[in-house]
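Participant: Structure below; questions to follow.
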Amino acid sequence: MTTTENINDGATATVDTDIVLDVQDLNVTFSSEDGPLRAVRGVSYRVRRGEALGIVGESGSGKSVTSMAIMGLLPKTAKVSGSARVLGQEVIGLNDAQISKVRGDKIAMIFQDPLTSLNPVYTIGYQIAEAVLTHRKVTKQQARARAVELLDKVGIPHPDRRVDQYPHELSGGMRQRVVIAIAMANDPDVIIADEPTTALDVTVQAQVLEALETARKETGAALVLITHDLGVVAGHVDRVAVMYAGRLVETGTVEDVFYRPRMPYALGLLGSLPRMDEARSEKLTPILGTPPSLLDLPAGCGFAPRCPMAQDVCFTTEPALEAAVDGDDPDPFRRHTAACHFGEQLVDARPEDLFQATAPAAETAAGPDGTGGAEAAGHGGERTDAAPPEVLLSAVDLVKNFPIRSKGILRRKIGEVQAVSGISLELREHETLALVGESGCGKSTTARLLLQLIRQTSGEVTYMGQPLHSLSDAQMRPLRRDLQLVFQDPFASLDPRMTVSDIVAEPMQIHGRGKGAKQRVKELLELVGLNPEHGSRYPHEFSGGQRQRIGIARALSLNPKVLILDEPVSALDVSIQAGVINLLEDLQDELGLSYLFVSHDLSVVRHIADRVAVMYLGKIVETGTTEELFSAPAHPYTQALISAIPLPDPVKERTRERIVVTGDVPSPADPPSGCRFRTRCPKFANDLSDEQRNLCVEEPPDLLDRGTGHRDACHYSQVVELI
Amino acid sequence: MLVYTARRLAVAIPVLLAASVLVFLMVDLSGDPLSDLRMQQPPPSEEVIAAAEARYYLDRSIPERYWLWMTGIGGNGDIGLLQGQFGPSVRGGAFDIGEELSDSIYVTIRLVTAAIIAALGLAVLSGVVSAMRQYSKLDYTLTFIGFLALAMPTFWLGALIKEGGLWFNQTTGTGFFFTIGANSARVSNMTGWEYFLDSAGHLVLPTITLMLTSFAAWSRYQRTSMLEVLNSDYVRLARAKGVPNRVVVRRHALRTALIPLVTVATIGVVGIIEGVVITETIFQWRGLGYFFIEAVKAQDAFAIMSWLMLSGTLVVLANLVADILYGVLDPRIRYE
């Protein structure tokens, strides 16, 4: 902060002691069978002591490869050039012995998946102590004491006992804290966190992000936070760098990038993001197409093929990362830069000025399609005003227990997991009901019960007045035409050895409607926005978003009335996800479908659902129209969920009220008595008297309307405004 | 860990019992041990045959015989596994099955142990080296050697190795390789040290023969599992901690990569016990392999059953050792 004049000229040898990480013109190329793959191209950035820089990008943008290159963790097949200095010391090109002295001492890293990041055969205490012992001359006892101290700091209860446990004895959130503790072990100057919360549930994500903040404060380290989640970035960093196709395309303070983006890609990302704080009527504006192949990069701007304002020059000359029109901040660290020939045109632009809310056929860019999505209004609350539509699919007191069996040959039943315990819900004609909850809450099991893919332990499932639970598989088959399923993973749910046409036609053949299937497949592909000529291709030739469209086409092939969508967009990148969400909305309007939308992502749910049911440990804890539920959540769990979802808006995200839950979800094999949420409930812990608590412990609350306009299952429900 | 071991031991007992029933039934149903006697010309008298039947308990029912074979209760004192009696041999009273068996074990156990240790050691070494230098010339060479060894049948490879040893001795005019027997003939007047050297010398060629196939298979497994672990997130995190590569490989990669090898090697022990029959025949050892072949030739039912029970026990023991090793290597198993 003191010698800003010197850094103005990046080439001067002046060492600013405040700069802890200085990356200059970093390039990474992998050699592949198809030629050189240019993963990172000319990335330069600096991070000052104690500062937090967010690096944002979609999969394949090179954001992880950049940091792996700095850490020297790339495989030998990767060619790395350029410079990266940690506290002035060059780290690119060091041998193993040299870089080992820097790694874990001056610069530490946190990885994405806490379930695989720790060695299963050593105790967590050993793994933390190892980090200390590698760099410090201390005794084993001292290292162990430090491990206990670190575990305490990252918020692990009973650290003196936990220290001797193995990773498999800890939950995912706990393990990620252990990884953070390892990163903190030697008070590093830089901590690189690569998608540190992506694999975690939202309420746990909030806890882990807090632990990460603690780590920063305790060590005074600078943080490089790599993520695809714009919400996480908005709340936790000072500056943002956006990566696309291996390059930095925009940098600046969070406010600059979120409120005044000067690169169409950044603007497009923000526009394609479903937001929890926006009403449903607003249509998302996806970015069309897919990122360029890193094997065959275009000559000009990497984003030009997807950019609605691209001109000829964009296809021939790659724009440099230069100060944006308003990038006149004297402090070069805070200066707003963007790589766009026409950045000044984006002043005051909104995403919808530039990007179109897509019609279904947009993915192929094959020309206009009559079903113009933007005009297809009639979303959201309006529909509820009409006479209540017919109930299509309903469940009453649905229960599903899975047996826990002993190990060994006898496999005795030694207990039960209550995956779903007493759920009632109704899906009406032409509506979207969202089933929301964290992993293990029973939402997917409920979806499968409704389809009768698994049979319930007790309870009833009815479709159009006909009870499904008593039907045999053969009797069920004709009804399956009406009830179709779309899966989460677009890669695993399509047979790689079948052509797209065969995949889409298969349900028709099974149901004896093979005649005319060829024509129907073409219609379906066109309907979901794919080029009907591509039917003879195989799934691997398509991108994730396109494959999900194939899965939707398959589900639609029998003209179903109900689609059960199990996390249909959670595996997709933001810019692609928006297109699929729009497609689902358009299809619903056009075909009059009903959706049961299973999701953990409240932002997406807010955008797509008419009604929401929130699940916790096998029970519905709150249900109501989307508007009611988001504007006036009454159950503490719903409130915690809503406040845990980061908003992609720096000011709102940093000023909003938070309701934080602690700990992990209890085992469904042994749920707490009374209200199942009480063990984590902030209200139970902070606001209730002992007398009031007795009720929570003894009496399971019923799902009732308690004067809030919708139903919740809390003895002491109270509406809180959170957004 | 103690509870874990005890539980594994408890499981071994019913397995051995089941094995004994199977062994007994299969041998019992496979032929009449007295067929030679009955075919003699002139035919022996009824009394002689009856006496022989009584001597070998053939006059009892099948369940009775099994009971006798296991417990010896109601027998002539020469039968009952639980009493340490292996039953009467058809090769006459001078042939004590128990004594012969223990002599054979002493010979064979050296060979089997040496082969397992050599195969495991070399497999781990070559697997680790191959994995760390994936797609290098060294990796390709080791892979080639592995597949070559896998492709060659033991009986042919063994003969080849023996010939090679003989050829070496001839060309150099020395007795460098021992190609016959487990020890030299003049073993009785050797000192302890001389005896050890002599035994070790005789072990060299048979061990190589016996271990090659197992080594080849195991090194492939070790390479694969090592590669998987080297690319794992926790190895990456260990590097990110600043642990030098050498230590990461030893401490974090090797230990977890050994876990799948334990499974494979346990199954492989059965193969080694099979292979020992062939190897001992080639190198003319009087070990378990020789014992088995002679017993089959003589239709010596009790000897065959004893041998089968012994190999069954060895396999169960190998599994037990593997289970305990699992527990040592992988805490997740220990706690279940």
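These protein sequences, in sequence, are chains A and B. So the first sequence is residues -19 to 703, counted in my numbering. So the second sequence is residues 425 to 760, counted in my numbering. Every residue, glycine too, gets a C-beta built ideally from N, C-alpha and C. Keep in mind it's a predicted model, so treat the numbers as computed, not measured.
Quick check: the region 638 to 653 of chain A against the region 430 to 438 of chain B, are at least 3 beta-carbon pairs closer than 8 Å?
Facilitator: No, the region 430 to 438 of chain B is not in contact with the region 638 to 653 of chain A.
Participant: Out of curiosity, what's the CA-to-CA distance linking R460 of chain A and T412 of chain A?
Facilitator: As a working mapping, residue 460 of chain A is identified with position 480 in the first sequence. As a working mapping, residue 412 of chain A is identified with position 432 in the first sequence. If you take the alpha carbons of R460 of chain A and T412 of chain A, they lie about 19 Å apart.
Participant: Smallest Cα separation from P626 of chain A: which of A:G211, A:I50, A:Q185?
Facilitator: For the purposes of this step, residue 626 of chain A is identified with residue 646 of the first sequence, where counting begins at 1. When each option's Cα is compared against that of P626 of chain A, the closest is A:G211.
Participant: Cα-Cα, which of A:G689, A:D667, A:R691, A:H695 is closest to V677 of chain A?
Facilitator: Mapped onto the first sequence, residue 677 of chain A falls at position 697. Of A:G689, A:D667, A:R691, A:H695, the residue nearest in Cα terms is A:H695.
Participant: Please report how far the alpha carbon of G517 of chain B lies from the alpha carbon of F510 of chain B, in whole angstroms.
Facilitator: Translated into positions along the second sequence, residue 517 of chain B becomes position 93. Translated into positions along the second sequence, residue 510 of chain B becomes position 86. Their Cα atoms are separated by approximately 13 Å.
Participant: Would N551 of chain B and M650 of chain B qualify as a contact pair, given that the criterion is a beta-carbon distance under 8 Å?
Facilitator: Start at 1 with the first residue of the second sequence, and residue 551 of chain B comes out as number 127. Start at 1 with the first residue of the second sequence, and residue 650 of chain B comes out as number 226. In the sequence as displayed, the identity of residue 551 of chain B is Gly instead of Asn. The answer is yes: Cβ separation under 8 Å.
Participant: Please classify Q398 of chain A as buried or exposed, where buried requires at least 16 neighbouring CB atoms within 10 angstroms.
Facilitator: Taking the first sequence and counting its residues from 1, one reaches residue 398 of chain A at position 418. Buried, by the Cβ-count rule.
Participant: To the nearest angstrom, how far is the alpha carbon of A436 of chain B from that of R534 of chain B?
Facilitator: Counting from one through the second sequence, the residue named residue 436 of chain B turns up at place 12. Counting from one through the second sequence, the residue named residue 534 of chain B turns up at place 110. Distance between the alpha carbons of A436 of chain B and R534 of chain B is about 24 Å.
Participant: Cβ closer than 8 Å: which chain B residues qualify as neighbours of A77 of chain A?
Facilitator: On the first sequence, residue 77 of chain A is found 97 positions in, with the first residue counted as 1. Going along chain B in sequence order, the residues near A77 of chain A (Cβ under 8 Å) are P668.
Participant: Give me, in chain order, the residues of the same chain whose beta-carbon lies closer than 6 Å to that of A475 of chain B; leave out the 5 immediate sequence neighbours on both sides.
Facilitator: Walking along the second sequence from the start, residue 475 of chain B turns up at place 51. So the list is empty, once near-sequence residues are dropped.
Participant: Answer with buried or exposed for F592 of chain B, where buried requires no fewer than 16 other C-beta atoms within 10 angstroms of its C-beta.
Facilitator: Translated into positions along the second sequence, residue 592 of chain B becomes position 168. Exposed is the call here.
Participant: Closer than 8 Å by beta-carbon distance: list the chain B residues that pair up with I162 of chain A, in chain order.
Facilitator: Looking up residue 162 of chain A in the first sequence gives position 182. Chain B residues near I162 of chain A: L661, K665.
Participant: Would R679 of chain B pass as an interface residue toward chain A - the criterion being a Cβ-Cβ separation below 8 Å?
Facilitator: Along the second sequence, read from residue 1 onward, the residue named residue 679 of chain B stands at position 255. Chain A, which has a Cβ nearer than 8 Å to the Cβ of R679 of chain B, makes this yes.
Participant: Cβ of G361 of chain A less than 8 Å from any chain B Cβ?
Facilitator: For this step, residue 361 of chain A is matched to residue 381 along the first sequence. Caution applies to G361 of chain A, whose pLDDT of 40 falls short of 50 and renders its modelled position unreliable; the value that the coordinates give is listed next. Taking Cβ atoms only, chain B never reaches closer than 8 Å to G361 of chain A, which makes this a no.
Participant: Could you compute how far the alpha carbon of I622 of chain A sits from the alpha carbon of L582 of chain A?
Facilitator: Position 642 of the first sequence, counting from 1, holds the residue named residue 622 of chain A. Position 602 of the first sequence, counting from 1, holds the residue named residue 582 of chain A. Spanning the two alpha carbons is a distance of roughly 7 Å.
Participant: Is there a Cβ from chain B that is less than 8 Å from the Cβ of P176 of chain A?
Facilitator: The count along the first sequence starts at 1 and reaches residue 176 of chain A at position 196. Chain B, which has no Cβ nearer than 8 Å to the Cβ of P176 of chain A, makes this no.
Participant: Run through chain A and tell me which residues come within less than 8 Å of R644 of chain B, C-beta to C-beta.
Facilitator: In the second sequence, the residue the question calls residue 644 of chain B occupies position 220. The contacting residues do not exist; R644 of chain B stays about 22 Å from chain A at best.
Participant: Determine the direct distance from the alpha carbon of D563 of chain B to that of D311 of chain A, and round the result to whole angstroms.
Facilitator: Here the question's residue 311 of chain A lines up with position 331 in the first sequence. Here the question's residue 563 of chain B lines up with position 139 in the second sequence. The alpha-carbon atoms of D311 of chain A and D563 of chain B are separated by roughly 54 Å.
Participant: At the 8 Å Cβ level, is L53 of chain A part of the contact set with chain B, yes or no?
Facilitator: Position 73 of the first sequence holds residue 53 of chain A. Yes, L53 of chain A counts as interfacial toward chain B.
Participant: Are the beta-carbon atoms belonging to V578 of chain A and L536 of chain A less than 8 Å from one another?
Facilitator: The residue labelled residue 578 of chain A in the question sits at position 598 within the first sequence. The residue labelled residue 536 of chain A in the question sits at position 556 within the first sequence. Against a cut-off of 8 Å, the Cβ pair of L536 of chain A and V578 of chain A comes out as no contact.
Participant: Can you give me the C-alpha to C-alpha distance between F313 of chain A and T605 of chain A, rounded to a whole angstrom?
Facilitator: On the first sequence, residue 313 of chain A is found 333 positions in, with the first residue counted as 1. On the first sequence, residue 605 of chain A is found 625 positions in, with the first residue counted as 1. If you take the alpha carbons of F313 of chain A and T605 of chain A, they lie about 45 Å apart.
Participant: Would a C-beta distance cut-off of 8 Å place Q336 of chain A and T270 of chain A closer than the cut-off?
Facilitator: Residue 336 of chain A sits at position 356 when you count from the first residue of the first sequence. Residue 270 of chain A sits at position 290 when you count from the first residue of the first sequence. Not closer than 8 Å, so no.
Participant: Using 8 Å as the threshold, is the C-beta distance between W491 of chain B and I503 of chain B below it?
Facilitator: On the second sequence, position 67 is the one that residue 491 of chain B refers to. On the second sequence, position 79 is the one that residue 503 of chain B refers to. No, they are not a contact pair.
Participant: For chain B, find out if any of its Cβ atoms is closer than 8 Å to the Cβ of G84 of chain A; answer yes or no.
Facilitator: To locate residue 84 of chain A, count along the first sequence from 1; it is residue 104. Closer than 8 Å to some Cβ of chain B, the Cβ of G84 of chain A qualifies, so yes.
Participant: Mapping the DSSP letters down to three states, classify P285 of chain A as helix, strand or coil.
Facilitator: The count along the first sequence starts at 1 and reaches residue 285 of chain A at position 305. Helix at P285 of chain A.
Participant: So, helix, strand or coil for T364 of chain A, using DSSP?
Facilitator: Position 384 of the first sequence, counted from the start, is the residue given in the question as residue 364 of chain A. Low per-residue confidence applies at T364 of chain A: pLDDT is 45, beneath 50, and the placement is therefore not dependable enough to give any value.
Participant: Could you spell out the range, first to last residue, of the alpha helix (DSSP H) harbouring K133 of chain A?
Facilitator: Taking the first sequence and counting its residues from 1, one reaches residue 133 of chain A at position 153. That run of the alpha helix (DSSP H) goes 120 to 133.
Participant: Counting only runs of 3+ residues fully inside the region 188 to 223 of chain A, write out the beta strand (DSSP E) ranges in chain order.
Facilitator: Counting only runs of 3 or more, we get 202 to 207.
Participant: Using the Cβ count rule (16 or more neighbours within 10 Å means buried), how would you classify L732 of chain B?
Facilitator: Position 308 of the second sequence, counted from the start, is the residue given in the question as residue 732 of chain B. Counting Cβ neighbours within 10 Å, L732 of chain B comes out buried, since at least 16 surround it.
Participant: Just to confirm, is the Cβ distance from G152 of chain A to Q187 of chain A under 8 Å?
Facilitator: Indexing the first sequence from 1 puts residue 152 of chain A at position 172. Indexing the first sequence from 1 puts residue 187 of chain A at position 207. Not closer than 8 Å, so no.
Participant: Any beta carbon from chain B within less than 8 Å of Y696 of chain A's own beta carbon?
Facilitator: As a first step, residue 696 of chain A is located in the first sequence; it is residue number 716 there, counting from the start. By this cut-off, Y696 of chain A is not an interface position.
Participant: Do T46 of chain A and V23 of chain A have their CB atoms nearer than 8 Å?
Facilitator: Residue mapping note: residue 46 of chain A aligns to position 66 of the first sequence, counting from 1. Residue mapping note: residue 23 of chain A aligns to position 43 of the first sequence, counting from 1. It is a contact, given that the beta carbons lie within the stated cut-off.
Participant: Let's test the definition: count the other Cβ atoms within 10 Å of the Cβ of Y658 of chain B and tell me whether it reaches 16, buried, or not, exposed.
Facilitator: The residue you call residue 658 of chain B lines up with position 234 of the second sequence. Buried, since its Cβ has 16 or more Cβ neighbours within 10 Å.
Participant: Quick check: the Cα distance between R756 of chain B and Y750 of chain B, rounded to an integer number of angstroms?
Facilitator: Residue 756 of chain B sits at position 332 when you count from the first residue of the second sequence. Residue 750 of chain B sits at position 326 when you count from the first residue of the second sequence. Roughly 9 Å separates the two Cα atoms.
Participant: Would you kindly check if the distance between the Cβ of L405 of chain A and the Cβ of S424 of chain A is under 8 Å?
Facilitator: The residue given as residue 424 of chain A occupies position 444 in the first sequence. The residue given as residue 405 of chain A occupies position 425 in the first sequence. Contact: no.
Participant: Along the region 561 to 577 of chain B, what residues have a CB closer than 8 Å to any CB found in chain A?
Facilitator: Per Cβ criterion, the list is empty.
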